[in-house]
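The next block holds one structure in the form of structure tokens; read it before the comments.
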Amino acid sequence: MKILKTIPLAALLAACALTASQAEEHRQLGAHVHGHGKLNIAIEKNVVSIELEAPGADIAGFEHEANTKEDKAKLEKAKATLAKGLELFTPASAAGCKQTSAKVALEAGHEHEGEGKEEHDKHAAEAKDHDHDKGEDHHSEFHAEYAFECVAPEKITSLSFGYFKQFPNAEELDVTVITPKGQSSYEVTKDKPKLEL
Ligand SMILES: [Zn+2]
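Throughout the sequence shown, residue numbering follows mature numbering (1 follows the signal peptide of the UniProt record, and there is no 0), covering -23 to -1, 1 to 174 in sequence.
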């Protein structure tokens, strides 16, 4: 099975440089770290339930409000891609899993908790005039929930993470897997987009 597609080196380096500076910025602000998401996987009988939390920057490439046509289109595309859970988190094919539901939501948060509405509106107005808002103030997160039904759940020995190919800004996921046997934690990265159970 082919998991990784070759990515041009220049593109990869550019992506890394960008993500590193964004991560730095977010550490200073005490916000979530771009490139890092969380994934919970629960396997019970023949049902696999998956929950994803990821920064907007990882999924859509930005976190500011989508005011332009272009940004709105990017957001819609990202949501559509995110809804294809089975292509993002693919159980071993022998398990015969099918997606039975998918829910995708975008939650916009605000970085400056002390900031009042007035100031927020002022910022928003400024952002329209200048290219002032580059995502420093606004933060957003995607939440997605999936359910898969599997013919042979005991054959879920691994999951392939197409997620990192679909969302190149994503770098790693902290994964928690819950089965009737117990709970385990893993880290799945862009470099090794596979989870062995
Ligand atoms: Zn953010």
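Where a beta carbon is used, it is the ideal one built from N, C-alpha and C, also for glycine.
Computed from a predicted model, the values in this text were never measured in an experiment.
According to the Cβ coordinates, are Ser162 and Thr156 closer than 8 Å?
no
With a threshold of 7 Å, establish whether the CB of Glu84 neighbours any heavy atom of ligand 1.
no
For Asp35, which residues in the same chain have their Cβ closer than 7 Å to its Cβ, ignoring the five residues on either side in sequence?
His11, Gly12, Gly14, Phe144, Asn146 and Ala147
Local Cβ density within 10 Å of Ala72, reported as buried at 16 or more and exposed below that
buried
Go ahead and label Lys158 buried or exposed: buried means 16 or more other beta carbons lie within 10 angstroms of its beta carbon, across all protein chains shown.
Burial call: exposed.
What is the rounded straight-line gap between the Cα of Pro83 and the Cα of Ser26?
The sequence given here has Leu at residue 83, not Pro. Computed Cα separation, rounded: 19 Å.
Alpha carbon of Glu126 to alpha carbon of Asn23, nearest angstrom:
The C-alpha of Asn23 is placed about 6 Å away from the C-alpha of Glu126.
Return yes when the C-beta of Glu30 is under 7 Å from any heavy atom of ligand 1, and no when it is not.
no
Sort Pro130, Thr134 and His115 by Cα distance to Phe39 and report the nearest one.
His115
Given a cut-off of 8 Å on the beta-carbon distance, is the pair Ala69 and Thr166 in contact?
no
Are Ala121 and Leu59 touching if we call contact CB-CB under 8 Å?
yes
Straight-line gap, Lys54 to Asp168 (C-alpha atoms, nearest Å)
24 Å
Residue environment, Ser117, which counts as buried when at least 16 other CB atoms sit within 10 Å
buried
Here's a check: name, in chain order, each residue in its chain whose Cβ is nearer than 8 Å to the Cβ of Gly62, leaving out the five neighbours to either side.
Ile27, Gln76, Ala79, Ala121, Tyr123 and Phe125
Considering only the beta carbon of each residue, do Glu64 and Gly139 sit closer than 8 Å?
yes
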